[in-house]
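In this note's numbering, the protein residues as written are 300 to 476.
The C-beta atom is built at its ideal place from N, Cα and C for all residues, glycine as well.
Below is one structure; the comments refer to it alone.
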Amino acid sequence: FGSVYRGEMPDSGAIAVKRLESIRQGEKQFRMEVSTIGTIHHVNLVRLRGFCCEGDKRLLVYDYMPMGSLDSVLFADGREALDWKKRYGIALGIARGLAYLHEKCRECIMHCDIKPENILLDMDMCPKIADFGMAKLLGREFSRVLTTVRGTIGYLAPEWITGSAITPKADIYSYGI
């Protein structure tokens, strides 16, 4: 949780710099973000370009996404509605990103907070899953995990609410919402 600023790199263009507000509040999320998204690469995941951890300051540096978040495109007043081809491309890209996280990484990565605000769009409207601060790693030898509730009300799978063991299907439920 923090503020995001647009910046410029002299030789590689625009970047987004996320500054975490409170070291106590954000240290766990900061470390999770760096350890997950910092080690994997996929066209439908936001790219972490670097980070800074100095004193009580925590910064994350990403590629800049000029079209903003999916929620700003879907719900903004006065914006032209997306045509069905773009909607399909966005939905397919998010699904591919989730499939990569769940099936192709060394450890299964459950995002745990899939929602329109955490899907960023590049200039070509290619979706990038972002904000891995609540992610949970699940070793390949396990199929489910008991963990504390994480995510956003309204996008939580029923198993979060009932206290049942969580599987990657919880991300798929959130994606469907």
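The Cβ atoms of Gly325 and Arg357 sit closer than 8 Å to each other. Per DSSP, Tyr363 lies in no beta strand (DSSP E) segment and is marked neither H nor E. DSSP places Leu419 in the strand class (E or B) of the three-state scheme.
Between the C-alpha atoms of Arg348 and Lys317 there is a straight-line separation of about 12 Å. CA-CA distance, Arg386 to Leu455, rounds to 22 Å. Ala464 sits in coil when the DSSP states are folded into three classes, being neither helix nor strand.
According to DSSP, Leu437 shares a beta bridge with Cys407.
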